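Going down the list, the sequences are from chains A and B.
Mapped onto this note's numbering, the consecutive letters of the first sequence carry residue numbers 1 to 233.
Mapped onto this note's numbering, the consecutive letters of the second sequence carry residue numbers 1001 to 1233.
All residues carry an ideal CB built from backbone N, CA and C; glycine is no exception.
This structure is a prediction, so every number in the text was calculated from the model and none was measured.
One structure is given below, encoded as structure tokens.
2 protein chains.
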Amino acid sequence: MTTPEGPARGVAGEAGGRRRPPTAQQFVLGELRRAITTGRLRPGDPIRQEALAEELDVSRVPLREALKTLQGEGLVTYEAHRGYFVERLSLDDLREVYLIRELLEAEAVRRAAGRIGDEALRAAERAQAEVEEAAAAGDVLAMAAANRRFHMTIFEASGLPRMVRMIRTLWDSTDAYRSVYYGEPANRERVIEEHRAALDLLRRRDAEGAVRVLAAHRAHAVTAIEAVLPGTP
Amino acid sequence: MTTPEGPARGVAGEAGGRRRPPTAQQFVLGELRRAITTGRLRPGDPIRQEALAEELDVSRVPLREALKTLQGEGLVTYEAHRGYFVERLSLDDLREVYLIRELLEAEAVRRAAGRIGDEALRAAERAQAEVEEAAAAGDVLAMAAANRRFHMTIFEASGLPRMVRMIRTLWDSTDAYRSVYYGEPANRERVIEEHRAALDLLRRRDAEGAVRVLAAHRAHAVTAIEAVLPGTP
DNA sequence: ATATTCAATATTGGATCCAAAATACAATGG
DNA sequence: CCATTGTATTTTGGATCCAATATTGAATAT
């Protein structure tokens, strides 16, 4: 398998663990990913290496290696001798990411439905419980994190590690935009119901049903985001 | 859009242009990609930075940045404090890559069929002519390169740049294994006929027909490779 | 012989320094 | 006032050096 970076990012570590990675590049990678997906570094911003390195208390070397990784993931762009910039997604880009997700996730869910075991099902149920807790508490950030765990747990049950890695990367690249979705209480409600339906179908090994529900789930998110996006493109 | 590296890799530059890139990392990236996809660096090999850097006449810094890019593409793996290794694909890995390609390329071709213009069609025909020339001359390497141009030209007509980038990366990650396919004269014959059929269907805007032909085309390649692979895994 | 400990060596990770390129800005000419 | 040229400054790209970690191999004990 090809794990992109050192610390476990499997079902368990989709957010939780928080001890510092064994190399500075990995530490920086995590910090940068957070800064971008949470919007602290905003789309279009140039990334000034000297300043950022100082802020993170490392030299520019590990920072640059982390940026190369993020470039591969599409979170930043690079121009020779001009540097790195936080990727700015157009509406078309966003639609394309969701189209690709549609194709990959449908297949991942289809396979997962036939293979998912009790352990993974329970992990998904646990994640769903956390989604509902966070929603009740109005904690948007926690809800997004738990939501991600929920979906990744299912995808990982597909037994297709490369596919999961690609899906995860696609999620990362739109995190900054998706966060708005959970702001709406109505959306939070709907997410919960759709998750419950999906879980139910997975328990019954209804692959096509699960695929359908999760496709609708995604479609709701994308239309909601499209409505908001024109502000940033 | 998100172009992975500086020099044009579009329809034009899928192989041709050959002047040295503006940065050492990009130069090294190209050399490394070649070394891996042609099998000069073999799957499982550790990548000794000092030696390789000296061979390419650069320092380890640009080499390491190039390796990070390749890590993102799945051509090499990385372990903290142990270094980079040429990715070794198992049979399952290979099947997974082809499954993902199946999903993405089907959609890309479907869209391309509805949008492809005269210019792109002619570019594809030109690439196909080069495929046939190379096949006649028995030049396996040239045939692989022209074949790639043929397919990428079609994919690019989809108007989905991110998708094309992902497909290209997937091709890269199996290049080292695919080369064997063109060794067989019978396979070369079949490739040519399937390409002609696909071109014909595209000209008539028959999306589903083109998707079907190219899926079969892919399937032939994967079964041929599967038969050979057990030697290396 | 096999396993274990500890030193010697090789290799990667990161910081600093200098070179090269791009950008910002002032001076000059139209 | 606007455009243009040349210069100063900023920023990135890359080389070298040192530190941290992993690997190797010899010596010792079981």
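Pick from the options that is closest to residue i, judged by C-alpha positions
i       : options                               : result
G1074/B : A1216/B, R1033/B and L1214/B          : R1033/B
I116/A  : G30/A, R19/A and A198/A               : A198/A
T1169/B : S1059/B, T1038/B, V1097/B and E1031/B : V1097/B
T174/A  : A120/A, S90/A and A135/A              : S90/A
I1047/B : R1196/B, Y1078/B, T1038/B and V1058/B : Y1078/B
K1068/B : H1195/B, G1083/B, S1059/B and D1057/B : G1083/B
G1159/B : H1195/B, V1109/B and V1131/B          : V1109/B
H246/A  : V28/A, A124/A and A112/A              : There is no way to answer for residue 246/A, as the model of chain A reaches only from 1 to 233.
L94/A   : D172/A, A113/A and A137/A             : D172/A
R148/A  : E31/A, P185/A and I167/A              : I167/A
I1192/B : R1122/B, R1088/B, R1020/B and A1129/B : A1129/B
R165/A  : V28/A, G44/A and G72/A                : G72/A
Y1177/B : Q1049/B, R1088/B and E1119/B          : R1088/B
E119/A  : A157/A, E31/A, T38/A and E208/A       : A157/A
Contact set for residue i: own chain, Cβ-Cβ below 7 Å, skip 5 residues either direction
i     : result
R42/A : V86
A35/A : L41
Residue i - DSSP class collapsed to helix/strand/coil
i       : result
H217/A  : helix
P1062/B : helix
G74/A   : coil
E1184/B : coil
P46/A   : strand
G83/A   : strand
V1222/B : helix
R1114/B : With the sequence shown as reference, residue 1114/B is identified as Gly, and Arg is not the correct amino acid for it. It is helical.
G1030/B : helix
P1161/B : helix
L1099/B : helix
Proximal residues of chain A, C-beta to C-beta of residue i below 9 Å
i       : result
D1172/B : Within 9 Å Cβ-Cβ: nothing; D1172/B doesn't reach chain A, min ~12 Å.
H1220/B : Those within 9 Å of H1220/B in chain A number zero; the least Cβ separation is about 21 Å.
T1069/B : K68, T69, Q71 and G72
Contact set between residue i and chain A, taken where Cβ atoms lie within less than 7 Å
i       : result
E1073/B : G72
L1103/B : L103, L104 and E107
Same chain, Cβ closer than 8 Å to residue i, neighbours up to 5 away in sequence not counted
i       : result
A1212/B : Checking the sequence shown, residue 1212/B turns out to be Arg, not Ala. Cβ within range, chain order: n/a, list empty.
E1267/B : Within the shown structure, residues of chain B are numbered from 1001 to 1233, placing residue 1267/B beyond reach of any answer.
V131/A  : M143, A146, N147, F150, V191, I192 and H195
Within chain B, the residues that residue i reaches when beta carbons sit closer than 8 Å
i      : result
R162/A : G1074, D1093, E1096, V1097 and I1100
Same chain, Cβ closer than 6 Å to residue i, neighbours up to 5 away in sequence not counted
i       : result
A1015/B : Model confidence at A1015/B stands at a pLDDT of 44, short of 50, so the residue's coordinates are unreliable; what they give is reported in the following sentence. Contacts found: A1145.
E1189/B : none
Where residue i meets chain A, residues with beta-carbon distance less than 8 Å
i       : result
H1081/B : P22 and T23
R1064/B : E65
Interface residues of chain B facing residue i [CB-CB closer than 9 Å]
i      : result
E238/A : The question about residue 238/A has no answer, for chain A in this structure spans 1 to 233.
Q26/A  : A1080
Any non-hydrogen atom of the ligand MN closer than 7 Å to residue i Cβ
i       : result
A1127/B : Here there are no bound small molecules, and the ligand MN is not part of this structure.
Exercise. With contact counted as at least three CB pairs below 8 Å, one residue from each stretch, are the stretch 1022-1030 of chain B and the stretch 214-223 of chain A in contact?
Worked result: When Cβ pairs closer than 8 Å are counted between the two stretches, the stretch 1022-1030 of chain B is seen not to touch the stretch 214-223 of chain A, the count staying below three.
For this session: For the stretch 1136-1146 of chain B and the stretch 1164-1184 of chain B, state whether three or more C-beta atom pairs, one from each stretch, are separated by less than 8 Å.
Result: With a cut-off of 8 Å, the stretch 1164-1184 of chain B and the stretch 1136-1146 of chain B count as touching, because enough Cβ pairs lie within range.
For this session: Determine contact between the stretch 101-110 of chain A and the stretch 52-70 of chain A, defined as no fewer than three beta-carbon pairs at a distance below 8 Å.
Result: As far as the Cβ criterion goes, the stretch 101-110 of chain A does not touch the stretch 52-70 of chain A, which means the pair count is below three.
For this session: Give a yes or no on contact between the stretch 1153-1172 of chain B and the stretch 1043-1057 of chain B, applying the rule of three or more CB pairs nearer than 8 Å.
Result: Counting Cβ pairs under 8 Å, fewer than three are found: no touch.
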